[in-house]
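Since the structure comes first, as structure tokens, the remarks are kept for the end.
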Amino acid sequence: MTRNPLHLKKRHLLQSPQRMTASLPVMRITIQCLIPLLQQMRMIQRQQSRLMAEKVGEVAEAEEPVAEWMSRSGKIKWFPTAEETLHYNPVPTGITPGPTLYAVARISTLRSAFDLFVTEEIIQLLCTHTNLHGRRKCEDWRDVDEVEMRAYIGILILAGIYPSRHEATHGLWADKTGRAIFRATMPHYRYSQISANIRFDDKLTLPGRFRNDKLAAFRILWEKWVARLPLLFNPGVDVCVDEQLVAFKGRCGFRQYMPNKPTKYGIKIWVTCDVATSYAWKMEIYTGKSPGSSREVNQGMRVVLQLTEGLQGHTVTCDNFFTSFSLAEELLRRKLALVGTIRRNKPELPPQLVQLRQRKILSSLFAFTKTTMAVSYMPKRGKNVLLLSTKHREPAVSDGEKKKPAAILDYNRCKGGVDNLDKVVGTYSCQRKTSRWPLALFYNLLDVSAYNAFVLWKAVHPEWESTKTYQ
48 MTRNPLHLKK RHLLQSPQRM TASLPVMRIT IQCLIPLLQQ MRMIQRQQSR
98 LMAEKVGEVA EAEEPVAEWM SRSGKIKWFP TAEETLHYNP VPTGITPGPT
148 LYAVARISTL RSAFDLFVTE EIIQLLCTHT NLHGRRKCED WRDVDEVEMR
198 AYIGILILAG IYPSRHEATH GLWADKTGRA IFRATMPHYR YSQISANIRF
248 DDKLTLPGRF RNDKLAAFRI LWEKWVARLP LLFNPGVDVC VDEQLVAFKG
298 RCGFRQYMPN KPTKYGIKIW VTCDVATSYA WKMEIYTGKS PGSSREVNQG
348 MRVVLQLTEG LQGHTVTCDN FFTSFSLAEE LLRRKLALVG TIRRNKPELP
398 PQLVQLRQRK ILSSLFAFTK TTMAVSYMPK RGKNVLLLST KHREPAVSDG
448 EKKKPAAILD YNRCKGGVDN LDKVVGTYSC QRKTSRWPLA LFYNLLDVSA
498 YNAFVLWKAV HPEWESTKTY Q
């Protein structure tokens with residue numbers, strides 16, 4: 048029977064402790080030589096494991112579908128990339144921007160441009176109702192004719208050009224400190240008499256109509272005038288919808304308080320302006336809810352759709368009072384694009400765009416549907432600018448210092464159409480202090496007419512200011 052050599056060796060070592068003790072230094076040297084080799088093998092294994100994990104992750108990312116962001120209402124799917132978004136192709140507007148052929152054929156002087164807005168029909172209406180009221184109230188009343196009414200309007204405009212809006216009227220007619228042109232046009236007494244008796248409707252028929260129409264005292268004149276605005280001018284590709292506040296602090300059933308406006312109190316008018324020229328293309332006076340009716344739902348959407356009716360291929364810019372996802376969809380159906388800021392509490396937005404945690408300053412976060420883009424831009428800590436656009440379909444960001452998205456730059460370029468109109472009209476306004484809201488609206492009507500006429504005149508005669516060294 049043969050024995051196992053290893054067994055004999057083990058037995059021999061157990062029987063010889065001196066030999067085992069003598070071999071310990073050799074074993075230590077061997078182990079010390081093996082330690083670096085084992086460490087190197089472990090490092091190689093870790094590197095191989097890391098490479099394998101990265102390859103597995105790449106495969107998983109390639110196979111993983113695009114993430115979806117649901118809106119807070121749960122009805123709209125948003126995507127963080129523009130892969131599913133269709134390219135925007137605007138349709139032709141079908142019109143030539145600028146004065147219409149009807150206006151060009153009738154403009155020969157600045158006066159003729161103004162007469163296109165304050166027409167002979169409007170002057171006759173003013174004379175008719177002013178004379179009716181004057182005969183009832185004044186014993187010495189002398190009827191106003193068309194020439195005198197135009198002279199009265201000219202005095203109002205001239206007083207605003209100086210400007211002398213806050214100057215007492217008797218000072219304008221003063222012998223030494225006044226202006227001779229006012230005294231040459233009509234006596235101060237006659238001017239004051241017309242101002243006190245000017246009317247825009249028959250006062251005796253108003254009580255019955257006021258029950259259903261708060262604007263009855265000014266409605267007929269307003270509708271005749273506002274119908275002329277789109278007839279004389281075609282807006283460019285970019286239009287702006289915003290609100291104008293006509294300063295007024297007297298008694299009025301639809302007076303508004305707007306703390307962000309310089310005048311604070313007044314009558315609100317919705318305006319659609321051409322961005323390039325600030326021409327007032329359509330206007331609508333806000334009179335509040337009708338008696339006995341409930342509060343209007345989706346008012347901003349209704350206003351934009353009504354004030355852009357008749358346009359196609361244009362881009363509508365508006366602020367967060369008007370902007371909504373449903374408005375964007377309806378404008379697309381009408382072949383119009385929308386660019387506008389949107390409120391953060393809108394249920395159609397995904398929560399990812401609203402939250403500010405772990406967001407870097409000057410960062411932009413995009414979300415897309417097939418036809419709409421929403422962007423969240425963080426200009427500073429704690430502030431979030433939200434914008435909705437059907438014109439922009441790519442996550443484009445400018446190379447500037449603030450890294451603003453292209454959609455926000457486009458919005459900033461177009462949003463000031465109505466604000467610029469307010470600025471120009473407010474600088475040279477014929478507005479006078481009055482306690483009658485129809486007269487305050489009439490002053491604003493003259494201001495807008497004068498500015499629109501100036502836009503038409505410059506477009507028809509661009510050489511008018513070519514030799515001037517000032518603006």
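Position 82, counted from 1, in the sequence shown is what our numbering calls 129; the numbers after and before it change by one each time, with no gaps. The beta carbon of each residue, even a glycine, is placed where N, CA and C say it ideally should be. Computed from a predicted model, the values in this text were never measured in an experiment.
Write down the C-beta distance between residue 482 and residue 494 rounded to the nearest angstrom, noting that I regard them as a contact closer than 8 Å.
The beta-carbon distance between residue 482 and residue 494, rounded to whole angstroms, is 19 Å. This is too long to meet the 8 Å contact definition.
Could you spell out where the beta strand (DSSP E) holding residue 331 opens and where it closes?
327–332
Secondary structure at residue 257, three-state DSSP: helix, strand or coil?
helix
Contact set for residue 181: own chain, Cβ-Cβ below 6 Å, skip 5 residues either direction
188 and 244
Mark residue 66 as exposed unless 16 or more other C-beta atoms lie within 10 angstroms of its C-beta, in which case mark it buried.
Summary for residue 66: the model assigns pLDDT 47, below 50, so the residue's position carries little reliability, and this model does not support an answer.
Whether or not the segment 372–385 and the segment 340–351 are in contact is what I'm after, with contact meaning three or more pairs of Cβ atoms, one per stretch, closer than 8 Å; do they touch?
yes
Mapping DSSP to helix, strand and coil, what is residue 126?
strand
Considering residue 320, what are the terminal residues of the beta strand (DSSP E) in which it resides?
Per DSSP, residue 320 belongs to the beta strand (DSSP E) from 312–321.
Where does the unbroken alpha helix (DSSP H) through residue 355 begin, and where does it stop?
Run containing residue 355: none; DSSP gives neither H nor E here.
Who are the near neighbours of residue 368 in its chain, counting only those whose CB is closer than 6 Å to its CB and skipping five residues on each side?
347
Can you look up residue 402 in the DSSP assignment and give me helix, strand or coil?
Per DSSP, reduced to three states, the secondary structure at residue 402 is coil, with no helix or strand assignment.
Alpha carbon to alpha carbon, how far is residue 319 from residue 119?
One C-alpha to the other measures close to 32 Å.
If you compare alpha carbons, which of 442, 165 and 301 is closest to residue 199?
165
Helix, strand or coil: how does DSSP classify residue 226 here?
In this structure, residue 226 counts as coil in the three-state DSSP scheme.
Comparing alpha-carbon positions, which option in 411, 87 and 273 lies nearest residue 329?
Ranking the options by Cα distance to residue 329, first place goes to 273.
Would you give the residue range spanned by the alpha helix (DSSP H) that residue 173 belongs to?
Run containing residue 173: 167–184, per the alpha helix (DSSP H) assignment.
Determine, using beta-carbon pairs with one atom in the segment 396–403 and one in the segment 172–186, whether at least three such pairs fall under 8 Å.
no
Boundaries of the beta strand (DSSP E) in which residue 478 is found, first to last residue
Where residue 478 is concerned, there is no enclosing beta strand (DSSP E), because DSSP gives it neither an H nor an E.
Leaving out the 5 sequence neighbours to the left and right, which residues in its chain are closer than 6 Å to residue 384 when beta-carbon positions are compared?
362, 437 and 438
From the DSSP output, which residues share a beta bridge with residue 281?
145
In terms of residue numbering, what span does the alpha helix (DSSP H) encompassing residue 216 cover?
Here the alpha helix (DSSP H) through residue 216 covers 216–219.
Using beta-carbon positions only, say whether residue 279 and residue 157 come within less than 8 Å of one another.
In this structure, residue 279 sits away from residue 157, with a CB-CB distance that is not shorter than 8 Å.
Would you call the segment 131–150 and the segment 445–452 in contact, with 3 or more CB pairs under 8 Å?
No: the two stretches stay apart, fewer than three of their Cβ pairs being nearer than 8 Å.
According to the Cβ coordinates, are residue 507 and residue 458 closer than 8 Å?
Between residue 507 and residue 458, the gap from beta carbon to beta carbon reaches 8 Å or more.
Check residue 234 in the structure and name its three-state DSSP category.
coil
Assuming residue 288 and residue 314 form a contact by the criterion Cβ under 8 Å, report the distance between their Cβ atoms to the nearest whole angstrom.
In this structure residue 288 is not in contact with residue 314, their Cβ atoms being roughly 18 Å apart against a cut-off of 8 Å.
Which residues in the same chain have their Cβ closer than 7 Å to the Cβ of residue 224, if we skip the five residues on either side of it in sequence?
218
CA-CA distance, residue 269 and residue 303?
19 Å
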